[in-house]
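Residue numbers (the numbering used here): 42 to 489. All C-beta atoms in this analysis are idealised placements derived from N, C-alpha and C, irrespective of residue type, glycine included. Before any comments, here is the structure.
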């Protein structure tokens, strides 16, 4: 916010603090609800904690457009046998599973009778799911289905401060064209450029757009690229968009980013947070797209997610339900610097592949770019902050997983259970209650 958004450091700290305060509401809400339930129901009510936790994650996904970054279930993204659960229940099911282990351990710590029974049951469930997940990965039936496609991913590694430097625009664009030719020379049948890759508005710069169209036409290879878009009018609107140039050089479609980054692409509650105005001026005040557009390639349909909207599970699932056979995502993670965030972002994107039984291909300006198979296995990936070209195989797939058919049933069921439990607590008689004995044998007295 200070380095790229043009805010004074004091204002940047304030704005960042507001975002942190908003996100902190959800674990705080979890703690309040869980305390309320255990006060009324004793130690057994701890076993409701996974439902409460998932309910708060669902709220964080949707409230004020949402910010579902690094939900608890993503901790299992690299534990592939366990991560296969996402194909059944989505990332929320994994969150519930991880929270269940913690709840069972807490229960064992504060009770005496059958203290280890819930923990044994949870561990047995995890063991069974791990065996099933291992067998699912070993069979890998999806990797033999559908039509193969060689994908070229361009990682330009353009520094954030150089992206809109007019003196460097020509060199940046020329480098993208050169890298694209190299990817095509290595057999790429479609080429992806990152988010906002062109140093100009694609539809506004006729000469630049014509060079991209000519390259696609001459090579007979479609190009999917990120570029900003302007919708002219009395009050012009700006969109973060992805453009598909067909193999014949014509336009194949435009997808406008639907979930914008708060304090990165727009300022929420702009009238209240007027002091963050310079941030909007620095990054542009984008409008959100309204539809998940599918893009046609070689007789198939693919979908794309721009930047952090790939962390919205249902957004990607809706594209698959509409007919997407290949997941693509383009991003610019230069903002994150050399932190853990680029790695977190890539892992979250990989979870979408498992959930939907689709290959996922990702082009990132500064990395990580890569290809993930439907089981979450990373087939190709790059490092960060280095130019790179990735050419590898993906497949168009048409099957569906349990999650892609039924969505976030686990999340909504958890929310319902938590709500009913709270309702029952509210109807319970007031007054004190003696909870089950603690491990040292003393009763725990709670006074409301």
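- Coil, strand or helix - residue 362 by DSSP: Residue 362: helix per DSSP, three-state reduction.
- residue 45 versus residue 201: straight-line alpha-carbon distance, rounded: Cα to Cα, the separation comes out at about 8 Å.
- How many Å lie between residue 394 and residue 378 at the Cα? Their backbone Cα atoms lie some 25 Å apart in a straight line.
- Inter-residue Cα distance where the pair is residue 296 and residue 170: Computed Cα separation, rounded: 37 Å.
- Specify the secondary structure class of residue 124 as computed by DSSP and reduced to three states. The answer is helix: DSSP assigns residue 124 an H, G or I state.
- 4-residue-minimum alpha helix (DSSP H) runs that sit fully inside the segment 367-408, ordered along the chain: Taking only runs of at least 4 residues, the alpha helix (DSSP H) segments lying wholly in the segment 367-408 are 382-397.
- Query: Looking at C-alpha atoms only, which residue of 361, 462, 218 is the closest neighbour of residue 440?
  - Reply: Considering only alpha carbons, the answer is 361.
- Item | Alpha carbon of residue 228 to alpha carbon of residue 333, nearest angstrom | Looking at the backbone, the Cα of residue 228 and that of residue 333 are separated by about 29 Å.
- Pull up the distance between the alpha-carbon of residue 233 and that of residue 345, whole angstroms please. Residue 233 and residue 345: Cα-Cα distance of roughly 10 Å.
- In terms of residues, what are the limits of the beta strand (DSSP E) holding residue 422? Judged by DSSP secondary structure, residue 422 falls within the beta strand (DSSP E) whose first and last residues are 419-422.
- Item | Alpha-carbon to alpha-carbon, residue 92 and residue 474 | Low local confidence applies: a pLDDT of 49 at residue 474 is under 50, so the model's placement there is unreliable, and no value is given.
- Where do the N-terminal and C-terminal ends of the alpha helix (DSSP H) with residue 250 fall, by residue? Per DSSP, residue 250 is one residue of the alpha helix (DSSP H) stretching across 247-260.
- Query: In angstroms, rounded to a whole number, what distance separates the CA positions of residue 464 and residue 89?
  - Reply: Pairing residue 464 with residue 89, the inter-Cα distance amounts to about 14 Å.
- CA nearest to the CA of residue 300, picked from 351, 83, 269: Of the residues 351, 83, 269, the one whose Cα lies closest to the Cα of residue 300 is 351.
- Query: Taking Cβ to Cβ, would you say residue 444 is nearer than 8 Å to residue 131?
  - Reply: Using a Cβ distance threshold of 8 Å, residue 444 and residue 131 count as a contacting pair.
- Nearest-angstrom Cα separation, counted from residue 365 out to residue 206: The alpha-carbon atoms of residue 206 and residue 365 are separated by roughly 36 Å.
- Going along the chain, which residues of its own chain have a beta-carbon closer than 8 Å to the beta-carbon of residue 483, five neighbours each way excluded? Confidence is the limiting factor: at residue 483 the pLDDT is only 46, short of 50, which leaves the residue's position unreliable and the question unanswerable from this model.
- Message: Going residue by residue through the segment 195-223, where are the continuous alpha helix (DSSP H) segments of at least 4 residues, counting only ones entirely within it?
- Response: The qualifying runs do not exist here; there are none.
- Message: For a test of the three-state rule: what should DSSP assign to residue 45, helix, strand or coil?
- Response: Three-state DSSP puts residue 45 in coil, outside helix and strand.
- Which two residues bound the contiguous alpha helix (DSSP H) that contains residue 91? Per DSSP, residue 91 belongs to the alpha helix (DSSP H) from 90-103.
- Reference residue 111, options 123, 135, 105, 126, closest by Cα: Of the listed residues, the one whose Cα sits closest to residue 111 is 135.
- Item | Buried or exposed by the 16-neighbour rule on C-beta atoms within 10 Å, applied to residue 271 | Its Cβ having fewer than 16 others within 10 Å, residue 271 is exposed.
- Message: From the DSSP secondary-structure annotation, give me the bridge partner or partners of residue 272.
- Response: Note: residue 272 sits in a beta bridge opposite 278.
- Message: Using CA atoms only, rank isn't needed, just tell me which of 182, 114, 42 is closest to residue 442.
- Response: The shortest C-alpha separation from residue 442 is found at 182.
- Pairing CB atoms from the segment 427-438 with CB atoms from the segment 182-195, are three or more of them under 8 Å? Touching, yes, given that three or more Cβ pairs across the two stretches are closer than 8 Å.
- Task: Use the C-beta contact count for residue 493: other C-beta atoms within 10 angstroms, 16 or more gives buried, fewer gives exposed.
- Result: Nothing about residue 493 can be read from this structure; the chain reaches only from 42 to 489.
- Message: At the level of alpha carbons, what is the spacing between residue 285 and residue 274?
- Response: Taking the straight line joining both Cα atoms gives about 24 Å.
- Query: Among 217, 292, 425, 172, which has the Cα closest to the Cα of residue 124?
  - Reply: Comparing Cα-Cα distances from residue 124 to each of 217, 292, 425, 172, the minimum goes to 172.
- Message: Spatial neighbours of residue 241 within its chain, please: C-beta separation below 7 Å, excluding the five flanking residues on both sides.
- Response: Taken in chain order, the residues that qualify are 210, 249.
- Under a Cβ-count criterion, where at least 16 other Cβ atoms within 10 Å of its own Cβ denotes burial, should residue 153 be classed as buried or exposed? By the 16-neighbour rule on beta-carbons within 10 angstroms, residue 153 is exposed.
- Should residue 117 go down as buried or exposed, given a rule of 16 or more other Cβ atoms within 10 Å for buried? Residue 117 is classed as buried because its beta carbon has at least 16 other beta carbons within 10 Å across all chains shown.
- Given residue 178, which residues of its chain have a CB within under 8 Å of its CB, disregarding the five upstream and five downstream residues? Only 121, 122, 125, 416, 418 meet the Cβ criterion.
- Along the alpha helix (DSSP H) that carries residue 345, what are the first and last residues, could you check? Careful: residue 345 lies outside any alpha helix (DSSP H), inside the beta strand (DSSP E) at 341-347.
- Message: So the candidates are 106, 399, 363, 225; which of them puts its Cα closest to the Cα of residue 60?
- Response: Distances from the alpha-carbon of residue 60 to those of 106, 399, 363, 225 put 106 closest.
- Task: Report the residue from 78, 65, 58, 42 whose alpha carbon sits nearest the alpha carbon of residue 460.
- Result: That would be 78, whose Cα lies nearest to the Cα of residue 460.
- Within 8 Å, strictly: CB atoms of residue 354 and residue 449: Yes, these two residues count as a Cβ contact at 8 Å.
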